[in-house]
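Contents: one structure, followed by commentary.
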Amino acid sequence: MQSNGYRDLIVWQKAIELVMLVYGLVRDFPREEVYGLTSQMKRAVISIASNIAEGNRRSSPKDRGHFLIIAFGSTAELETQIEVSKRLQFGKKEKYDKIDPLLDEVARILNKMSSGD
Numbered sequence: 001m002q003s004n005g006y007r008d009l010i011v012w013q014k015a016i017e018l019v020m021l022v023y024g025l026v027r028d029f030p031r032e033e034v035y036g037l038t039s040q041m042k043r044a045v046i047s048i049a050s051n052i053a054e055g056n057r058r059s060s061p062k063d064r065g066h067f068l069i070i071a072f073g074s075t076a077e078l079e080t081q082i083e084v085s086k087r088l089q090f091g092k093k094e095k096y097d098k099i100d101p102l103l104d105e106v107a108r109i110l111n112k113m114s115s116g117d
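Per full-length UniProt numbering, residue 1 is the first one in the sequence shown, and the count goes up by one each step.
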């Protein structure tokens with residue numbers, strides 16, 4: 001059986017699921033946020049999945065680890081942006097209820113992977 005590389009990684013699959021959920025959330029944000037918080041959240045969530053994929057394609061463990069650390073950092077960015085959007089009362093609570101535990105799970109996995117445990 002042939003490996004699909006990063007596509008086989010559970011963390012990448014969960015990160016892609018997170019992308020779909022965040023994009024669904026920001027559809028409900030005010031129009032004037034399209035170049036502000038909406039754009040920042042989209043960039044952060046895409047960065048998580050993209051850096052997992054890029055790191056997986058790198059040949060050296062040091063390079064792989066570097067990209068996992070960047071992906072982990074993007075989870076903190078997204079957590080902060082989600083907190084701001086909640087405080088501004090953007091989006092629907094039930095969407096946050098799906099995003100929050102998944103983002104936490106992805107962050108925990110990346111933290112473990114990047115620390116070499």
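Using N, Cα and C, we set each Cβ at its ideal position, and we do this for glycine too.
I'd like to know whether the C-beta atoms of residue 10 and residue 49 end up nearer to each other than 7 Å.
Contact: no.
Would you be able to state if there are at least three C-beta pairs under 8 Å between the stretch 56–65 and the stretch 30–37?
With the cut-off at 8 Å, the stretch 30–37 and the stretch 56–65 do not touch.
Between residue 113 and residue 68, is the Cβ-Cβ spacing less than 7 Å?
Yes, the pair counts as a contact, with Cβ atoms nearer than the cut-off.
Three-state secondary structure (DSSP) at residue 89?
Here residue 89 sits in coil by DSSP.
On the criterion of 16 or more Cβ atoms from any shown chain inside 10 Å, does residue 38 qualify as buried, or is it exposed?
The residue is buried, with at least 16 neighbouring Cβ atoms inside 10 Å.
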